[in-house]
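Peer 1: Those sequence lines, one after another, are chains A and B.
By the count of the numbering used here, the first sequence reaches residue 511 at its end, each step adding exactly one.
By the count of the numbering used here, the second sequence reaches residue 469 at its end, each step adding exactly one.
All residues carry an ideal CB built from backbone N, CA and C; glycine is no exception.
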Amino acid sequence: MSKVNITYPEVEVREKRLGSITGYQGTASDLVCKSHGCKRLKDCKRSFSQCMGCNSSTAFCQLSMIRDIAVVNHAPAGCIGEAYDYNFTYRVGQKQRGIKEVVQGRYFNTNIKEKDTVFGASAKLQKTVREAYRRANPKVIFVTSSCASGIIGEDIEQIVQDLSKELGIPVIYCSCEGFRSKIWTTGFDAAYHAILRSIVKKPRKREKRINIINFWGSHIFDDLFKRLGYEVQYIVPFSSVEELEYISEATATIQICGTLSTYLAAGLEDLYGVKEIKSPPPFGIKATDLWLREIGKVLNCEEEVEKIIKEGHEKVVPKLEKYRSIFKGKTGYVTAGSAYGHALTGLLEEVGLKILGVGIFHHDPIYDNGDENSDALAGVVKNYGDIGNFSVCSKQIYELINNLNRLKPDIIIARHMGMTTSAAKLGVPSLLLTDEQFIMGYDGVLKFASRVYESLDNREFIDNFAKHSKLPYTKWWLDQVPNYFLGGEK
Amino acid sequence: MSQNSVIEQPRFSCALGAQQTVLAIKRAVPIIHSGPGCSRHVYRLLQRGQGYVGGNSIPGTNANESDVVFGGEKKLDKIVENTLKVIDGDLFVILTGCTADIVGDDVESVAAKYAALGRNVIYLETGGFKSNNFISHSKVINAIINQYVDKNRKKDGIVKGLVNVFAAVPYQDIFWNGNLIEIKRILEGIGLKVNILFGPKSAGIEEWKTIPNAEFNILINSWVGLEVVENLKKKYNTPYFHFPYLPIGAIETSKFLREVGEFAHIDKEKVEDFIKKEEESYYEYFDDAAEFILEFRYGLPGRFYSLVDSAYSIGLNRFLINELGLLPATQFVIEDTPEKYKDKVLEEYKKVSDKREIKVEFTIDGGAAQEAIRFEQQNSKKRYEVYTFDTDTSEDKHYNRAYILGSAWEKGLAKELNCDFITIAPPSTYRLALATAYVGYRGGLRIAEDIYNTELERYE
Chain A
22 MSKVNITYPE VEVREKRLGS ITGYQGTASD LVCKSHGCKR LKDCKRSFSQ CMGCNSSTAF
82 CQLSMIRDIA VVNHAPAGCI GEAYDYNFTY RVGQKQRGIK EVVQGRYFNT NIKEKDTVFG
142 ASAKLQKTVR EAYRRANPKV IFVTSSCASG IIGEDIEQIV QDLSKELGIP VIYCSCEGFR
202 SKIWTTGFDA AYHAILRSIV KKPRKREKRI NIINFWGSHI FDDLFKRLGY EVQYIVPFSS
262 VEELEYISEA TATIQICGTL STYLAAGLED LYGVKEIKSP PPFGIKATDL WLREIGKVLN
322 CEEEVEKIIK EGHEKVVPKL EKYRSIFKGK TGYVTAGSAY GHALTGLLEE VGLKILGVGI
382 FHHDPIYDNG DENSDALAGV VKNYGDIGNF SVCSKQIYEL INNLNRLKPD IIIARHMGMT
442 TSAAKLGVPS LLLTDEQFIM GYDGVLKFAS RVYESLDNRE FIDNFAKHSK LPYTKWWLDQ
502 VPNYFLGGEK
Chain B
10 MSQNSVIEQP RFSCALGAQQ TVLAIKRAVP IIHSGPGCSR HVYRLLQRGQ GYVGGNSIPG
70 TNANESDVVF GGEKKLDKIV ENTLKVIDGD LFVILTGCTA DIVGDDVESV AAKYAALGRN
130 VIYLETGGFK SNNFISHSKV INAIINQYVD KNRKKDGIVK GLVNVFAAVP YQDIFWNGNL
190 IEIKRILEGI GLKVNILFGP KSAGIEEWKT IPNAEFNILI NSWVGLEVVE NLKKKYNTPY
250 FHFPYLPIGA IETSKFLREV GEFAHIDKEK VEDFIKKEEE SYYEYFDDAA EFILEFRYGL
310 PGRFYSLVDS AYSIGLNRFL INELGLLPAT QFVIEDTPEK YKDKVLEEYK KVSDKREIKV
370 EFTIDGGAAQ EAIRFEQQNS KKRYEVYTFD TDTSEDKHYN RAYILGSAWE KGLAKELNCD
430 FITIAPPSTY RLALATAYVG YRGGLRIAED IYNTELERYE
């Protein structure tokens, strides 16, 4: 039984649903052990913190690139500040995916003002939804909430139900008030909750199709699944509403990042029998072997999969050895979201760098499928050994800087924008990987290795940048231990 | 067109956008008491990097459910205390978000506690719903003046020739760095000492402490900042000179300098001498490329739309019409202009040219502005009424093109309508600005380059 529950309009936050945490400092093996119940997993509060991000961004991230929708953000004007960031990705992505007519995302905001916090803002919301409908003629309108709309107690669910009737299209509430969760990936869950609850329909039949839950990365799975006799469908960005309605008919779901897609993958299996491939995603040779074998089992094509594995090893291993010899003695640090951070850690080990530490943003002790085999960190520890200096840092740059200043790695590998700057200020070169798919599978290992090589080699810019930039941290802070402000149990 | 309950395509931020004004002051540190994502929403719209202590490094309380239910003062207190240990800064400004303001946290007493200990900590309520970043820009400057500068001011009286400059809103003006450098340069050129207050050419809070010592203040904006110069007038009796738009190009910059000179009784010869030198080189650059500029003029789109705040828009209109010879289509003023200033803003547009009237729309809704542009472009068969009478020029694809000066949102629209597009406002996804100026003599030259270069880009 999964932890997905679509009875209520609001998704249950990750802290409560999965017991996820945002503060930890220790070793990877200890965290794995605690996640699986050997000891209690405590979350630690910080008495100093830097601004994070909230679940309204992550919800918007997954909703905003569905092709024939509009988003109405029920909030003061500032809450939709990132709209063009996503619109940029949306436009670039449409082109990359060969969509002929590149369109603009249709994003609206209700401009909640002071008097609305006293008298309510329902009328504004209705007006904006109607206007979005008139302008964009969308198939679906998503209404996302905000701290302000949440605290003043707007009954958005009732309003969207009425508007759905009035307009004749689904108007769907997605609850993502910033203060609801310390873990911004709850916003992914909120978006998927809205999609599962109000868009996805019961399957009419089972198709030879695989759902791939991803962001906006490259289409690396097409050939693999074609060979196995399956079509692929990349969801949720760039999908149409019509396509999303029947993701319930796919045979299986694969994920590029458990942190992203835990809720949707588990929900599709639980509600509609779409099998979830539960092995951690295929980053690195060992993880790819495991992942492929599970696919072989689920899709009943084990023989073909063994051939693919053999071919992959033959092609990649000799070249990988060359990289490993070049990287001998080099050290690295990884900072990223939870599951992808584990993936990058495994990859870095596999290409032969020594991991000095890892700073992941939050930690999910278990995913929505409730299956311990999906624990990518456990896989990393099992495959490559324990990792010291393992921290769950909630994107706290001051902790990261403190760690990097002590560990002095040769390179840091990051997934999120904004993390590379701090390393660069210390003169540490960085590699930013925003396309997860790019480094997946057997070929991905080599692509990753060549990028690492280039980043290590090309030091000129970083050296000069470091020489002229200033860190805002006091000497006092750099002399403290990184978890100085990380208190005990909450 | 103005519908204040619909914003499609956001181009400005909420009151919390004041964090960018704080970040523009050297070694000033915002401390954000709000939900966990607010600061990031502001930053991702307006800034391209974290700089000294922006972006991901801004201290904040990341308010959660229990802070909303039980209040967040204690948490804020702790975060402020530790910020002072961890972050190396000169001035700390607590800014609140919606959660703290609706719940009613007593932020003032937290700030007062640290101020009483001699720490440079001040506060301002900037719950997003309270206003927008055009308004909170002035409010945060006043908060710094009232809570910090006033206590720490230099007591050595008025310094002859010292001026404080308040111009466009840092980061909301994507060229703010370059613009302030140019404004400082030209004012120094006529002999003034300039407190530019923001950016690397300012001396940070040491400079802020001398704000009360200024002989007069200069406000270069339509209405943003009036609250500041009025405050300073009341507080320190400092008179102010108000220039209601950004001076762009030689005509406007010389006019600006002459008016400042007159206001401050600066030796006329000195002012004229500087203007003469500047104009000589300015026009020589044009002269040098005159053949190209003149002959290629016929290849330029004739009309321009702009979607930007009024201070920019009026300055641009003056420059593009009077110096480059382009003609205005509808101008969209996007800054949520308060009702009481709308007439004054419209009056300024009337003064731009005695030959033509400029159509102005106030709207915060970019989507509505784009609908209007689309409608005009698709339905106008004439390039401009005055020249074409009833001649149908719709077949002449080139002749009917227009410039769209706006934000990243306009890139797609320009492509759709076969128009040319130049980024002048946030979100500025398709343009990186480091120290480019769009005001002054240098700004005029740069805009001329951008106008022509954009056109040249069209050719294979």
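For the beta strand (DSSP E) containing residue 448 (chain B), list its first residue and its last residue.
Peer 2: Neither: residue 448 (chain B) is in no beta strand (DSSP E) and is coded neither H nor E.
Peer 1: Listing by chain order, which chain B residues have their CB less than 7 angstroms from the CB of residue 74 (chain A)?
Peer 2: Under the 7 angstroms cutoff, chain B gives 45, 46 and 49.
Peer 1: Given a cut-off of 8 angstroms, decide if residue 83 (chain A) and residue 238 (chain A) are closer than it, judged by their beta-carbon atoms.
Peer 2: Going by C-beta atoms, residue 238 (chain A) is not nearer than 8 angstroms to residue 83 (chain A).
Peer 1: Chain B beta carbons: is any one of them nearer than 8 angstroms to that of residue 439 (chain A)?
Peer 2: By this cut-off, residue 439 (chain A) is an interface position.
Peer 1: What residues match up with residue 290 (chain A) in a beta bridge as DSSP calls it?
Peer 2: In the DSSP output, where bridge partners are listed per residue, residue 290 (chain A) has none listed.
Peer 1: In whole angstroms, give me the CA-to-CA distance for residue 261 (chain B) and residue 195 (chain B).
Peer 2: Going by the C-alpha atoms only, they are around 12 angstroms apart.
Peer 1: Measuring CA to CA, which of A:256, A:194 and A:443 is closest to residue 176 (chain A)?
Peer 2: Among A:256, A:194 and A:443, the Cα nearest to that of residue 176 (chain A) is on A:194.
Peer 1: For the alpha helix (DSSP H) containing residue 322 (chain B), list its first residue and its last residue.
Peer 2: First-last of the alpha helix (DSSP H) with residue 322 (chain B): 319–331.
Peer 1: Do you know how far the Cα of residue 68 (chain B) is from the Cα of residue 92 (chain B)?
Peer 2: Rounded to the nearest angstrom, the two C-alpha atoms are 7 angstroms apart.
Peer 1: Name the chain A residues whose beta carbon is nearer than 9 angstroms to that of residue 179 (chain B)?
Peer 2: Chain A residues near residue 179 (chain B): none, gap ~16 angstroms exceeds 9 angstroms.
Peer 1: So which residues on chain B does residue 97 (chain A) lean against when the C-beta distance must stay under 7 angstroms?
Peer 2: 23, 107, 137 and 138, listed in chain order.
Peer 1: Does the Cβ of residue 449 (chain B) have 16 or more other Cβ atoms within 10 Å, making it buried, or fewer, making it exposed?
Peer 2: Flag for residue 449 (chain B) reads buried.
Peer 1: Enumerate, from N- to C-terminal direction, the unbroken beta strand (DSSP E) stretches of 3 or more residues contained entirely within the segment 145–210 of chain A.
Peer 2: As far as the segment 145–210 of chain A is concerned, its whole beta strand (DSSP E) runs of at least 3 residues are 161–165 and 192–195.
Peer 1: So, residue 339 (chain B) versus residue 359 (chain B), is the Cβ gap smaller than 8 angstroms?
Peer 2: Cβ distance not < 8 angstroms, so residue 339 (chain B) and residue 359 (chain B) don't count as in contact.
Peer 1: Which residues in chain B have a C-beta closer than 9 angstroms to the C-beta of residue 61 (chain A)? List them in chain order.
Peer 2: Neighbours of residue 61 (chain A) on chain B: none; closest Cβ ~21 angstroms, over 9 angstroms.
Peer 1: Quick one: what does DSSP say residue 388 (chain A) is sitting in, helix, strand or coil?
Peer 2: Residue 388 (chain A): coil per DSSP, three-state reduction.
Peer 1: Looking only at its chain, what residues have a beta carbon closer than 6 angstroms to the beta carbon of residue 5 (chain B), apart from the 5 residues adjacent to it on each side?
Peer 2: Residue 5 (chain B) is absent from the model: chain B starts at 10 and stops at 469.
Peer 1: Please list, in chain order, the chain A residues whose beta carbon lies closer than 7 angstroms to that of residue 53 (chain B).
Peer 2: In chain order: 102, 103 and 106.
Peer 1: Below 6 angstroms CB to CB, which residues in the same chain sit around residue 118 (chain A) once its five sequence neighbours on both sides are set aside?
Peer 2: So the list reads 259, once near-sequence residues are dropped.
Peer 1: For residue 186 (chain B), would you say it is in contact with chain A, using Cβ-to-Cβ distances shorter than 8 angstroms as the test?
Peer 2: So no, residue 186 (chain B) is outside the interface.
Peer 1: If I follow the unbroken alpha helix (DSSP H) through residue 140 (chain A), where does it start and stop?
Peer 2: Where residue 140 (chain A) is concerned, the enclosing alpha helix (DSSP H) stretches over 135–140.
Peer 1: Mind pulling the alpha helix (DSSP H) runs of 4 or more residues that sit fully within the segment 306–340 of chain A?
Peer 2: Runs found: 306–320.
Peer 1: Step through the CB atoms of chain A and report whether any lies within less than 8 angstroms of the CB of residue 232 (chain B).
Peer 2: No, no contact with chain A.
Peer 1: So which residues of chain B does residue 149 (chain A) contact, with C-beta pairs closer than 7 angstroms?
Peer 2: 14 and 15, listed in chain order.
Peer 1: Please name the residues in the segment 237–267 of chain A whose beta-carbon is closer than 8 angstroms to at least one beta-carbon of chain B, in chain order.
Peer 2: Against chain B - using a Cβ distance shorter than 8 angstroms - the segment 237–267 of chain A contributes no residues.
Peer 1: Answer with yes or no whether the minimum CB distance from residue 174 (chain B) to chain A is below 8 angstroms.
Peer 2: Cβ-Cβ to chain A under 8 angstroms: no for residue 174 (chain B).
Peer 1: When the Cα atoms are used, what is the spatial distance from residue 353 (chain B) to residue 249 (chain B)?
Peer 2: Computed Cα separation, rounded: 18 angstroms.
Peer 1: Just by C-beta distance, which residues in the segment 165–183 of chain A are closer than 9 angstroms to chain B?
Peer 2: Residues 167, 168, 169, 171, 172 and 173.
Peer 1: Got a sec? Which residues, its chain only, sit under 7 angstroms from residue 49 (chain B) by beta carbon, not counting five neighbours each side?
Peer 2: Within the same chain, residue 49 (chain B) has no close Cβ partners at all.
Peer 1: Hey, would you say residue 417 (chain A) sits closer than 8 angstroms to residue 151 (chain A), going by beta carbons?
Peer 2: Against a cut-off of 8 angstroms, the Cβ pair of residue 151 (chain A) and residue 417 (chain A) comes out as no contact.
Peer 1: So who's on the other strand from residue 411 (chain B), going by DSSP bridges?
Peer 2: Paired residues: B:312.
Peer 1: With distances taken from CA atoms, which of A:289, A:69, A:222 and A:46 is nearest residue 23 (chain A)?
Peer 2: Nearest option by C-alpha distance: A:289.
Peer 1: Using 8 angstroms as the cut-off, can you tell me whether the segment 138–154 of chain B makes contact with the segment 21–39 of chain B, which would need three or more C-beta pairs spanning the two stretches below that distance?
Peer 2: Flag = yes, the segment 138–154 of chain B and the segment 21–39 of chain B touch.
Peer 1: Taking the CB atoms as reference points, tell me whether residue 446 (chain B) and residue 188 (chain B) lie closer together than 8 angstroms.
Peer 2: Cβ distance < 8 angstroms, so residue 446 (chain B) and residue 188 (chain B) count as in contact.
Peer 1: When you compare the CB of residue 74 (chain B) with every CB in chain A, is at least one pair closer than 8 angstroms?
Peer 2: Yes - at least one Cβ of chain A is within 8 angstroms of the one on residue 74 (chain B).
Peer 1: Does the beta-carbon distance from residue 170 (chain A) to residue 34 (chain A) come in below 8 angstroms?
Peer 2: No, the pair does not count as a contact, with Cβ atoms beyond the cut-off.
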